[in-house]
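Student:
Next up, the structure:
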């Protein structure tokens with residue numbers, strides 16, 4: 001029996017870049033929805049999360065009520081809430097971090113003005129700690145045709161256009177790993193693998209705060225190590 005996997009990840013939040021147009025994800029494209037219904041799905045997912053969007057589609061007769069899908073969408077609803085919670089917490093942490101850095105600079109400057117040449121003796125207050133959520137996403141596994149990609153696309157469309165400062169990126173995992181390997185190979189001789197992955201992760205985070213992987217599966221130890229380093 002064939003199976004496939006979907007993965008939703010909420011990595012460390014960085015700046016989001018707005019997207020000018022709403023591109024219909026593949027899972028929703030297969031439903032052949034009228035444009036006005038598509039827009040209502042996007043609005044429902046943006047305002048109330050993927051659970052609201054799924055209930056709208058069922059209520060409109062575009063989908064049949066399905067217990068497994070309803071159970072799965074509740075996990076995506078949790079991920080949707082977590083994304084927005086993290087976004088707010090990271091914004092607060094950045095403000096606190098900037099204030100801490102300014103305070104440290106002032107203390108060092110005052111110490112130097114007092115002819116204290118050894119600025120290392122200056123008592124620096126502890127830095128504010130960034131948010132550290134217990135979970136950063138969810139993982140779906142199931143039979144082909146169960147609706148995993150559809151649910152993931154419903155989740156994704158709620159972040160289109162950088163809504164509320166958040167943007168999601170939908171990726172096929174195989175293509176994603178090819179891109180990672182190409183990036184690492186291109187920087188071979190310039191920096192080590194860890195630094196190459198750090199640069200890739202920074203570029204990725206500049207373009208999206210939420211990652212949605214279709215057909216997520218790891219089949220060799222090299223990719224396992226790469227993914228571990230990348231998301232760390």
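Numbering (my numbering), first residue to last: 1 to 232. All residues carry an ideal CB built from backbone N, CA and C; glycine is no exception.
According to DSSP, simplified to helix, strand and coil, what is residue 63?
Tutor: Stepping through the chain shown from its first residue, residue 63 is reached at position 63. DSSP places residue 63 in coil when its eight states are reduced to three.
Student: Determine which residues share a DSSP beta bridge with residue 170 and list them.
Tutor: On the chain shown, residue 170 is found 170 positions in, with the first residue counted as 1. The partner list for residue 170 (beta bridge, DSSP) reads 212.
Student: Which residue wins for smallest C-alpha separation from residue 181, given the options 225, 78, 97, 160?
Tutor: Within the chain shown, residue 181 is the residue found at index 181, counting from 1. That would be 225, whose Cα lies nearest to the Cα of residue 181.
Student: Mind checking whether residue 197 and residue 151 have CB atoms under 8 angstroms apart?
Tutor: Residue numbering aside, residue 197 sits at position 197 when the chain shown is read from its first letter. Residue numbering aside, residue 151 sits at position 151 when the chain shown is read from its first letter. It is not a contact, given that the beta carbons lie outside the stated cut-off.
Student: Among the residues of its own chain, which have a CB less than 7 angstroms from the CB of residue 194, if the five just before and after it don't count?
Tutor: Your numbering for residue 194 matches position 194 in the chain shown. Cβ neighbours of residue 194 beyond the five flanking positions: 229.
Student: Taking its Cβ as the centre, do 16 or more other Cβ atoms sit within 10 Å of residue 154, making it buried, or is it exposed?
Tutor: The residue you call residue 154 lines up with position 154 of the chain shown. It counts as buried.
Student: Judging by CA-CA distance, which residue of 91, 71, 109, 31 is the nearest neighbour of residue 209?
Tutor: Translated into positions along the chain shown, residue 209 becomes position 209. When each option's Cα is compared against that of residue 209, the closest is 91.
Student: From what residue to what residue does the beta strand (DSSP E) around residue 138 run?
Tutor: To locate residue 138, count along the chain shown from 1; it is residue 138. Looking at the DSSP string, the run of the beta strand (DSSP E) that includes residue 138 is 137-143.
Student: List the endpoints of the continuous alpha helix (DSSP H) containing residue 35.
Tutor: Within the chain shown, residue 35 is the residue found at index 35, counting from 1. First-last of the alpha helix (DSSP H) with residue 35: 35-48.
Student: For the putative contact between residue 57 and residue 43, defined by C-beta atoms under 8 angstroms, what is the C-beta separation to the nearest angstrom?
Tutor: Here residue 57 refers to the residue found at position 57 when the chain shown is read from its first residue. Here residue 43 refers to the residue found at position 43 when the chain shown is read from its first residue. That pair is no contact at about 13 angstroms.
Student: Please report how far the alpha carbon of residue 213 lies from the alpha carbon of residue 62, in whole angstroms.
Tutor: The residue given as residue 213 occupies position 213 in the chain shown. The residue given as residue 62 occupies position 62 in the chain shown. Using only the alpha carbons, I get a separation of about 25 angstroms.
Student: Out of curiosity, what's the CA-to-CA distance linking residue 166 and residue 102?
Tutor: Position 166 of the chain shown, counting from 1, holds the residue named residue 166. Position 102 of the chain shown, counting from 1, holds the residue named residue 102. Using only the alpha carbons, I get a separation of about 28 angstroms.
Student: Whose C-alpha, out of 88, 173, 160, 217, is nearest the C-alpha of residue 47?
Tutor: Here residue 47 refers to the residue found at position 47 when the chain shown is read from its first residue. Ranking the options by Cα distance to residue 47, first place goes to 160.
Student: Closer than 8 angstroms is the cut-off here; do at least three beta carbon pairs connect the stretch 65-72 with the stretch 94-110?
Tutor: Not touching, per the Cβ criterion.
Student: DSSP three-state call for residue 191: helix, strand or coil?
Tutor: Along the chain shown, one-based indexing puts residue 191 at 191. Reduced to three states, the DSSP call for residue 191 is coil.
Student: According to DSSP, is residue 218 part of a helix, a strand, or is it coil?
Tutor: Indexing the chain shown from 1 puts residue 218 at position 218. Correct three-state label for residue 218: coil.
Student: Could you check what DSSP says for residue 134 in three-state terms: helix, strand or coil?
Tutor: Reading the chain shown from its first residue, position 134 is the one you call residue 134. If DSSP states are grouped into helix, strand and coil, residue 134 belongs with coil.
Student: Using 8 angstroms for Cβ pairs, my map puts residue 158 next to residue 45. What's the rounded Cβ distance?
Tutor: Residue 158 sits at position 158 when you count from the first residue of the chain shown. Residue 45 sits at position 45 when you count from the first residue of the chain shown. That pair is a contact at about 3 angstroms.
Student: Should residue 67 be labelled buried (16 or more other beta-carbon atoms within 10 Å of its own) or exposed?
Tutor: Start at 1 with the first residue of the chain shown, and residue 67 comes out as number 67. Residue 67 is exposed by the Cβ-count criterion.
Student: Indicate the three-state DSSP secondary structure (helix, strand or coil) for residue 119 in the structure shown.
Tutor: Stepping through the chain shown from its first residue, residue 119 is reached at position 119. Any reading at residue 119 is ruled out, since the residue's pLDDT is 48, under 50, leaving its predicted position unreliable.
Student: Among the residues of its own chain, which have a CB less than 8 angstroms from the CB of residue 187, if the five just before and after it don't count?
Tutor: The residue given as residue 187 occupies position 187 in the chain shown. Taken in chain order, the residues that qualify are 195, 196, 199.
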